[in-house]
Amino acid sequence: MPRGTSTGSAPRCGERPEPGSSTLSAALASTGGDDGPVTAAPTAGPLPGTDGGSSLDDLADLVADGDVVVLSGAGLSTDSGIPDYRGATGRLRRHTPMTYQTFTRDPRGRHRYWARSFVGWRQIRAARPNDGHLAVAELQAAGLVGGLITQNVDGLHQAGGARDVLELHGGLDRTVCLGCGDVADRGELDERLRAANPHFGPRVDEVNPDGDAELPDEVLDGFVMVDCLACGGGPLKPDVVFFGETVPRDRVERCFGLVEEARSLLVLGSSLAVMSGYRFVLRAAKLGIPVAIVTVGPTRGDGKAAVRLDAPLGVVLPDLAARLAG
Ligand SMILES: [Zn+2]
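Under the working numbering, read the sequence shown as residues 54 to 379, first letter to last.
Okay, here's the thing in structure tokens:
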């Protein structure tokens, strides 16, 4: 089977890059969702009057009061080797995530998604929680964090010991059948895919340092997808919210409930580029609940933040946990 040259291969002349045209982005392809389809809004630039001048003391004072609800985004997982599309390094990424419309309406696009996702899943499965995830779990165990909402679909909060994680955009460790609604374990699907595709995938030298791999279309078309075990049909979809898809209303309401009962809202590693997460900042601000944001680079919520640290989570969170939960 021809593999072609994979790393850094450009789209053919006149061809638009296909959504989700990398393995990791395919495996991760989420996320958006709001009342109605949501697209990725451009991240706001720095807002007047916000200089990111808060200190760790300010943050510690807020968190020490307890009843904190955490809202985490992709920036928390970059230290685990999972790329951030919209963060400081993510904006320049070549690929746009898969959309719900493409996934549901274009069988060929869906087939190629699963082919790339099959490869990308190996990186996802190999990812481990980093010091930031562990620190959040420590703060939760110390009774300071009362609720944990994540926009991430990688399961790393749970792997780091956090409990009761509300996965706003779903999780990659499950699949859902769009035909019968059956929810199944992704690991089980992976076993079946491996059996059906014993020789499929890039060579080791075809994988970029960040885990992405380009696979030519003719290779992707040779991938064999499997059916839903429950109904024998499908199609199967990762149990994540794609761009252009709506987050289930009851899930959104549970998140709003957590925010409304909180003493403060702590945003970690999100530029708040999509309304899906930003609306919780708006709700907190409206209710006078202080918002703290720790993220590298500007965020759309900076003008609403009582505490704003433009600093690496892998430094700030362990320091915070050592002070308050050590
Ligand atoms: Zn089914």
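Idealized CB from N, CA, C, for every residue including glycine.
query: Proline 351 burial status per 10 Å Cβ neighbour count (16 or more: buried); result: buried
query: Coarse secondary structure for threonine 203, derived from DSSP in three states; result: strand
query: Buried or exposed by the 16-neighbour rule on C-beta atoms within 10 Å, applied to histidine 222; result: buried
query: Three-pair Cβ contact test at 8 Å for the region 158-167 versus the region 347-363; result: no
query: C-alpha distance - valine 277 paired with alanine 337, whole-angstrom precision; result: 47 Å
query: Distance between beta carbons of leucine 197 and glycine 119, contact taken as under 8 Å; result: 5 Å
query: Which listed residue (Glu271, Trp167, Phe296, Val369) has its alpha carbon closest to that of serine 107; result: Val369
query: For leucine 242 and phenylalanine 253, the rounded distance between their alpha carbons; result: 15 Å
query: Cβ-Cβ distance between alanine 180 and glycine 134 below 8 Å; result: yes
query: Proximity test, aspartate 292 beta-carbon vs ligand 1 heavy atom, cut-off 7 Å; result: no
query: Beta-carbon gap between phenylalanine 333 and valine 347 smaller than 8 Å; result: no
query: Identified DSSP bridge partners for lysine 290; result: Val229
query: Neighbourhood of arginine 304 by C-beta, 8 Å cutoff - its chain only, sequence neighbours within 5 removed; result: Leu219, Leu221
query: Alpha carbon of arginine 376 to alpha carbon of glutamate 191, nearest angstrom; result: 11 Å
query: Candidates Ala248, Leu268, Asp111, Ala215: closest to valine 189 by CA position; result: Ala215
query: Limits of the unbroken alpha helix (DSSP H) element including alanine 212; result: 209-212
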